[in-house]
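If you're matching them up, the sequences are chains A and B in order. Everything in the first sequence is counted per full-length UniProt numbering, starting at 1 for the first residue and increasing by one. Everything in the second sequence is counted per full-length UniProt numbering, starting at 1 for the first residue and increasing by one. The block underneath contains the structure these notes are about, expressed in structure tokens.
Protein chains: 2
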Amino acid sequence: MYFWENYFFVTRSEENYIKTIFHLGDNSSDLVSTNAIAEQMDTKPSSVTDMAKKLAEKGFVNYKKYQGVSLTDFGINTALSIIRKHRLWEVFLVEKLDFSWDEVHEVAEQLEHIKSEKLIDSIDALLDFPKYDPHGDPIPSKDGKFMERHKQLLSDMALKTEGVCVGVKDTSAAFLKFLDKNRIALGNTIKVLEKEDFDQSLHIQMEGKELHISHQIASNLYIKKND
Amino acid sequence: MYFWENYFFVTRSEENYIKTIFHLGDNSSDLVSTNAIAEQMDTKPSSVTDMAKKLAEKGFVNYKKYQGVSLTDFGINTALSIIRKHRLWEVFLVEKLDFSWDEVHEVAEQLEHIKSEKLIDSIDALLDFPKYDPHGDPIPSKDGKFMERHKQLLSDMALKTEGVCVGVKDTSAAFLKFLDKNRIALGNTIKVLEKEDFDQSLHIQMEGKELHISHQIASNLYIKKND
DNA sequence: ACAAATTTTTAGATTTGTCTAAATTTTAAT
DNA sequence: ATTAAAATTTAGACAAATCTAAAAATTTGT
């Protein structure tokens, strides 16, 4: 990847756009709108248009006027490399520096832009090649492959079924802190005991104890069903 | 230092100027010239003038037209905080990720700009609060204090005196690789056996073996004399 | 299908950090 | 003490990334 770090310079701003387009595109191949990008990045649509042209010129996106943008293969690879760095740094912060999962995002947003292939590969090795980040999101490998776990929202699980909590949908500090306070953590075994029709809240069994949780919470927790 | 990371925003460019002014100022309180800064940073004197005004406005330097700049106390603290980060990251790269001492500078130049007090303090703790970086330079503590070792250049040592190699003056990759190739490393015990008047080269004893080194090399190695 | 609402783009301006070329100040030399 | 040389600053320009306001295209509602 000599190419990357030297010949083809990508600015921090470009990287942030590419990452955002990747997340909004959500592996479907349809176009992402200027407005959606602007809203997500807290910027103006006109700024997005300018950047869309630049990214198209550099080969990261296909841009159709008035339609939106989609990442090229090159753009997807670039996005995956940034996401890989972001998530590996998050694991590093939690595993090696005892950050809590609600503190890692901000710092990883900075660290993901550090340009050194050797650095991130060494971090990967130091962490023993983790497959998931502290929020349960998959970490792309060096060659851009990653395994999306077969998982479902707790709110979508059938009565009496059991599984392991493997991820969060909402990664806001507020939600993560709430989970900590209620001893809900990744790896916990959860069984749906009862569903309340009225407000769609759930009675669950988690690690032995019984718990009542709102729909809002249940619809932001990912569960991997037991085989 | 809440102040720092939020209220008072320092750009990466400003940080690089502050760092350069600190190094050129070399703890003497006299002014650093525009030209010197420009040369060191591979930029133009006119650019330095512009930045000098901005840094003065923000309180980092005292700027006297046609005379030069010197850091204020605030500027010195800022410089020490950047240098602290740079050197701690260098130790991290060597100690935890097995980088060699000639590979760390480039990456540390990027990492030193990451803004998170918790991050750098955690790295500091992880490394067990090192006092010196891989090149033997002192690491400022959180409150900006650091101990400059009592040391001298190998080329300035008297005949028959002995000491420990504690640092390098030239930190270029070329020099560091040369030292590696010749098994010269920090911590080695060195004794001056003979000095050649003609070219000022030295015969030394290092860790048992005898070695002939040029003045160029000897004048870039720091030795701490044995008590 | 057509007018209204929404989305997107264009045009022109701003900020940051840089440059070149010209003007000014300081330093050095005789 | 003048003048020549060197260093420094000013003025004006440029690229990147952003903004606002206005224009153009698309979508929506009836």
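Here a beta-carbon is modelled for each residue, glycine too, at the ideal position from N, C-alpha and C.
Flag residue i as yes if its beta-carbon sits less than 9 angstroms from any beta-carbon of chain A, otherwise no.
| i | result |
| --- | --- |
| Lys96/B | yes |
| Glu14/B | no |
| residue 228/B | A question about residue 228/B goes unanswered here, because the residues of chain B that appear run from 1 up to 227. |
| Lys224/B | no |
| Leu119/B | yes |
| Ile123/B | yes |
| Leu127/B | no |
| Leu186/B | no |
| Leu111/B | yes |
Can a CB atom of chain B be found closer than 9 angstroms to the CB of residue i?
| i | result |
| --- | --- |
| Val168/A | no |
| Glu103/A | yes |
| residue 229/A | In the structure displayed, chain A extends from 1 to 227; residue 229/A sits before or after that span and is not available. |
| Phe99/A | yes |
| Leu93/A | yes |
| Gln152/A | no |
State buried or exposed for residue i, treating a residue as buried only when at least 16 other CB atoms are found within 10 Å of its CB.
| i | result |
| --- | --- |
| Arg87/A | buried |
| Glu112/B | buried |
| Lys85/B | buried |
| Ser81/A | buried |
| Leu159/A | exposed |
| Thr161/A | exposed |
| Asn220/A | buried |
| Gly187/A | exposed |
| Gly136/A | buried |
| Ala218/A | buried |
| Ala79/B | buried |
| His212/A | exposed |
| Met1/A | No answer about Met1/A holds up, because its pLDDT of 36 lies below 50 and its placement is not dependable. |
How many whole angstroms separate the CB atoms of residue i and residue j, which I take to be in contact at a CB cut-off of 8 angstroms?
| i | j | result |
| --- | --- | --- |
| Ile223/A | Lys151/A | 6 angstroms |
| Leu193/A | Ile204/A | 6 angstroms |
Please list, in chain order, all residues of the same chain as residue i whose beta carbon is under 6 angstroms from its beta carbon, the five residues on each side excluded.
| i | result |
| --- | --- |
| Phe146/A | Pro138, Pro140 |
| Val48/B | Thr34, Ile37, Ala38 |
| Met41/A | Thr20 |
| Val10/A | none |
| Ala173/B | Asp102 |
| Thr171/B | His135 |
Report all residues from its chain with a CB closer than 8 angstroms to the CB of residue i; omit the five preceding and five following residues, and keep chain order.
| i | result |
| --- | --- |
| Val104/A | Trp89, Glu90, Leu93, Val94, Pro134 |
| Gly75/A | Ile18, Ile21, Phe22, Leu55, Gly59, Phe60, Val61 |
| Tyr63/B | Ala52, Lys53, Leu55, Ala56, Val69 |
| Val107/B | Trp89, Leu93, Phe99 |
| Lys44/A | Ala38 |
| Glu148/B | Pro138 |
Can you name, in chain order, every residue of its own chain whose Cβ lies under 7 angstroms from the Cβ of residue i, other than the five neighbours on each side?
| i | result |
| --- | --- |
| Ile21/A | Val32, Ile37, Val61, Val69, Leu71 |
| Leu24/B | Val32, Ala36, Ile37, Gln40 |
| Asp26/B | none |
| His215/A | Ser155, Asp199, Gln200, Ser201 |
| Asn77/B | Gly144 |
| Glu207/A | Asn188, Thr189 |
| Lys195/B | Leu159, Leu202 |
Tell me whether residue i counts as near the ligand NAP, meaning its Cβ is closer than 8 angstroms to at least one heavy atom of that ligand.
| i | result |
| --- | --- |
| Phe178/B | The ligand NAP is not among the ligands present in this structure, which contains no ligands whatsoever. |
>> Could you check whether the segment 98 to 105 of chain A touches the segment 55 to 71 of chain A, counting it as contact only if at least three pairs of C-beta atoms, one from each stretch, sit closer than 8 angstroms?
In response: no
> When the Cβ atoms of the segment 161 to 178 of chain B are set against those of the segment 118 to 128 of chain B, are three or more pairs found closer than 8 angstroms?
Replying inline: no
>> Whether or not the segment 14 to 31 of chain B and the segment 46 to 58 of chain B are in contact is what I'm after, with contact meaning three or more pairs of Cβ atoms, one per stretch, closer than 8 angstroms; do they touch?
In response: yes
> Is the number of C-beta pairs between the segment 174 to 181 of chain B and the segment 153 to 164 of chain B that are closer than 8 angstroms three or more?
Replying inline: no
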